[in-house]
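Trainee:
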Amino acid sequence: MANLEILTYPDERLGRVSERVERFDEALRTFIVALSQALDAGPGGVGIAAPQTGQLQRIVIIDCSRARKPIPNKGRLVLINPELTAWKGMEVGREGCLSVPNYTGNVIRATEITLQAQDECGALHDYCFQGYEARVVQHEIDHLDGLLFLDRLVSRRVDLFQRKTFLPSKE
Amino acid sequence: MNPWYMLTVVGQDRPGIVARLTDVLYAGGCNLGEASMIRLGGNFTIMLMVQGALPPAQLEALMQPVVDALCLRLHIDPIDGALYQQREPPDVRITVHGADRAGIVARVTGALAEAGLDILDLASEVAGNEQKPIYVMYIDGYARRGVDALQAALATLSHDGFVARLEPIQTISC
Ligand SMILES: [Zn+2]
């Protein structure tokens, strides 16, 4: 498979809702290899969603071991047809996106999420993500729903970073 | 490529300043770049990148009617402007509050600069009242020598009539 090209704003495909994956076949696995290579091709990228390459399918790959500053992570995961089952907590954090070059902005996300997703063979798994990794997963699932972080921007000066340090007694 | 200018506009705040200024620039064929517009002590202040074929004197003439009508002051500087550059996102936010505002900014920013902070965005406000002013400052910056160096620099200051808090900012990129 040729190198996948990353679509950038305002490509209209980035605004479309991706389809569920129904066939867990060789073609899917070939695409996942290519998507994984596209993730590696970008410097410091920690996640990629299939629709960012014009493939409108509900597939994301995350890999927070690539974060510039080390954070706890589950390594490289392929999440197919991910479904959020629960979330809690809210935090403002800063996001950037391969599809939105040269911009980072503040977005509110849940601090803890649980989800169900299939792997490349179709097997269902349950996951629990926190903090940075939870943010990455939510950012990627947004891509599957045709949303960019630009659609969720909040004020640059909103100050909810690390809200744990504000409310130690309530945690 | 047409030259870039930095427009500085200051005046008593009133409705319609931004709309009327940008409308006249648009009608005059100028492009707008990045901007910072904020109310400071009842004044409205604008720093605005403008690109246009006009020489500075003509740009000023273009804006003069609306500047006069809104009782604003205008200043124009030719600049080396550029857009679409890779930029380091902030990796640290510092918030400061204190009762005594004389010297807070100088002391905090001085200590942080020495510890490797590049300031990307700074905003401050004065709350409270005349008898008991409360000074609040936010800084987003890039820690050239790491966040720990900044934390250490702040620790030497924090018991000095104000409180400075530092939070790392981790930017996701995906
Ligand atoms: Zn993205």
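Just so you know, the protein sequences line up as chains H and S, in that order. Note that the working numbering has the first sequence beginning at 4, numbered continuously upward. Note that the working numbering has the second sequence beginning at 25, numbered continuously upward. Beta carbons: idealized from backbone N, C-alpha and C, even for Gly. Quantities reported herein were computed from a predicted structural model and do not represent experimental measurements.
Confirm the yes/no value for this check: CB of L103 (chain H), any heavy atom of ligand 1, distance under 8 Å.
Mentor: The residue you asked about is not Leu; residue 103 (chain H) is Val in the sequence shown. Answer for V103 (chain H): yes, Cβ within range of ligand 1.
Trainee: Residues with a Cβ closer than 5 Å to any heavy atom of ligand 1, in chain order?
Mentor: Residues with a Cβ closer than 5 Å to any heavy atom of ligand 1, in chain order: H:C100, S:C198.
Trainee: Would you check if the segment 107-125 of chain H and the segment 125-144 of chain S touch, i.e. whether three or more CB-CB distances between them fall below 8 Å?
Mentor: Judged by Cβ distances under 8 Å, the segment 125-144 of chain S makes no contact with the segment 107-125 of chain H, as fewer than three pairs qualify.
Trainee: May I ask which residues mark the beginning and end of the beta strand (DSSP E) holding G134 (chain S)?
Mentor: G134 (chain S) -> not in any beta strand (DSSP E); alpha helix (DSSP H) instead, spanning 128-138.
Trainee: With a threshold of 8 Å, are at least 3 pairs of Cβ atoms found where one atom belongs to the segment 61-76 of chain S and the other to the segment 29-44 of chain S?
Mentor: The segment 61-76 of chain S, when compared against the segment 29-44 of chain S, does touch it at the 8 Å Cβ threshold.
Trainee: Got a sec? Which residues, its chain only, sit under 6 Å from Q175 (chain S) by beta carbon, not counting five neighbours each side?
Mentor: Hits under 6 Å: L190.
Trainee: Can you tell me the Cα-Cα spacing of N105 (chain H) and L78 (chain S), whole angstroms?
Mentor: So the alpha carbons of these two residues sit roughly 29 Å apart.
Trainee: How long is the line joining the alpha carbons of M71 (chain S) and L31 (chain S), rounded to whole angstroms?
Mentor: Between M71 (chain S) and L31 (chain S), the C-alpha separation is close to 6 Å.
Trainee: Report, in whole angstroms, the separation of the C-beta atoms of V48 (chain S) and V90 (chain S), which I expect to be a contact under 8 Å.
Mentor: Going by Cβ atoms, the distance from V48 (chain S) to V90 (chain S) rounds to 5 Å, so yes, they are a contact pair.
Trainee: Are the Cβ atoms of G140 (chain S) and R169 (chain S) separated by less than 9 Å?
Mentor: Yes, the Cβ-Cβ distance between G140 (chain S) and R169 (chain S) is below 9 Å.
Trainee: Counting only beta-carbon atoms, is R160 (chain H) nearer than 9 Å to chain S?
Mentor: So, interface residue.
Trainee: Quick check on DSSP: helix, strand or coil for I193 (chain S)?
Mentor: Here I193 (chain S) sits in coil by DSSP.
Trainee: DSSP three-state call for G134 (chain H): helix, strand or coil?
Mentor: The answer is helix: DSSP assigns G134 (chain H) an H, G or I state.
Trainee: Since E115 (chain H) meets chain S, which of its residues come closer than 7 Å, beta carbon to beta carbon?
Mentor: The contacting residues do not exist; E115 (chain H) stays about 16 Å from chain S at best.
Trainee: Less than 9 Å separating the beta-carbons of Y135 (chain H) and I64 (chain H)?
Mentor: No, Cβ-Cβ distance for Y135 (chain H) and I64 (chain H) is not below 9 Å.
Trainee: Rounding to the nearest angstrom, what Cα-Cα distance links G149 (chain H) and N6 (chain H) in this structure?
Mentor: Computed Cα separation, rounded: 23 Å.
Trainee: Distance check for P192 (chain S) and F34 (chain H), CA to CA, integer angstroms please.
Mentor: So the alpha carbons of these two residues sit roughly 36 Å apart.
Trainee: What are the partner residues of S60 (chain S), as DSSP defines its beta bridges?
Mentor: Bridge partners of S60 (chain S): S:M71.
Trainee: Using beta carbons (cut-off 9 Å, strictly below), is T32 (chain S) in contact with chain H?
Mentor: T32 (chain S) does not count as touching chain H.
Trainee: Pick helix, strand or coil for F152 (chain H), following the three-state DSSP scheme.
Mentor: Three-state DSSP puts F152 (chain H) in a helix.
Trainee: Based on DSSP bridge pairs, tell me the residues matched to T117 (chain H).
Mentor: Answer is H:A89, H:C131.
Trainee: Given a limit of 7 Å on CB to CB distance, which residues of the segment 21-55 of chain H reach chain S?
Mentor: Of all residues in the segment 21-55 of chain H, G47, G48, V49, G50, I51 have a Cβ within less than 7 Å of some Cβ in chain S.
Trainee: Tell me whether D104 (chain S) counts as near ligand 2, meaning its Cβ is closer than 8 Å to at least one heavy atom of that ligand.
Mentor: What this structure holds is ligand 1, not ligand 2.
Trainee: Let's test the definition: count the other Cβ atoms within 10 Å of the Cβ of F186 (chain S) and tell me whether it reaches 16, buried, or not, exposed.
Mentor: Buried, by the Cβ-count rule.
Trainee: Which bits of chain H does Y108 (chain S) rub up against, with CB to CB less than 9 Å?
Mentor: Under the 9 Å cutoff, chain H gives P104, N105.
Trainee: What are the start and end residues of the beta strand (DSSP E) that includes E149 (chain S)?
Mentor: 141-152 is the span of the beta strand (DSSP E), which, as asked, contains E149 (chain S).
Trainee: Suppose contacts are defined by Cβ-Cβ distances below 9 Å. Is A137 (chain H) in contact with Q194 (chain S) by that definition?
Mentor: Taking 9 Å as the Cβ cut-off, A137 (chain H) and Q194 (chain S) do not qualify as a contacting pair.
Trainee: So, for Q40 (chain H): in the same chain, excluding its five sequence neighbours on each side, which residues have a beta-carbon less than 8 Å away from its beta-carbon?
Mentor: Only N6, L7 meet the Cβ criterion.
Trainee: Tell me which residue opens and which closes the alpha helix (DSSP H) that M87 (chain S) is part of.
Mentor: Note, M87 (chain S): alpha helix (DSSP H), 80-93.
Trainee: Give the residues of chain S in contact with C124 (chain H), contact being defined as C-beta atoms less than 7 Å apart.
Mentor: Those within 7 Å of C124 (chain H) in chain S number zero; the least Cβ separation is about 24 Å.
Trainee: Taking the alpha-carbon of E138 (chain S) as reference, which of S:I163, S:I158, S:Q155, S:A167 has the nearest alpha-carbon?
Mentor: Answer by Cα proximity: S:A167.
Trainee: Quick check on A176 (chain S) - is its C-beta less than 9 Å from some C-beta in chain H?
Mentor: No, A176 (chain S) lies away from the interface with chain H (no Cβ there is under 9 Å from its Cβ).
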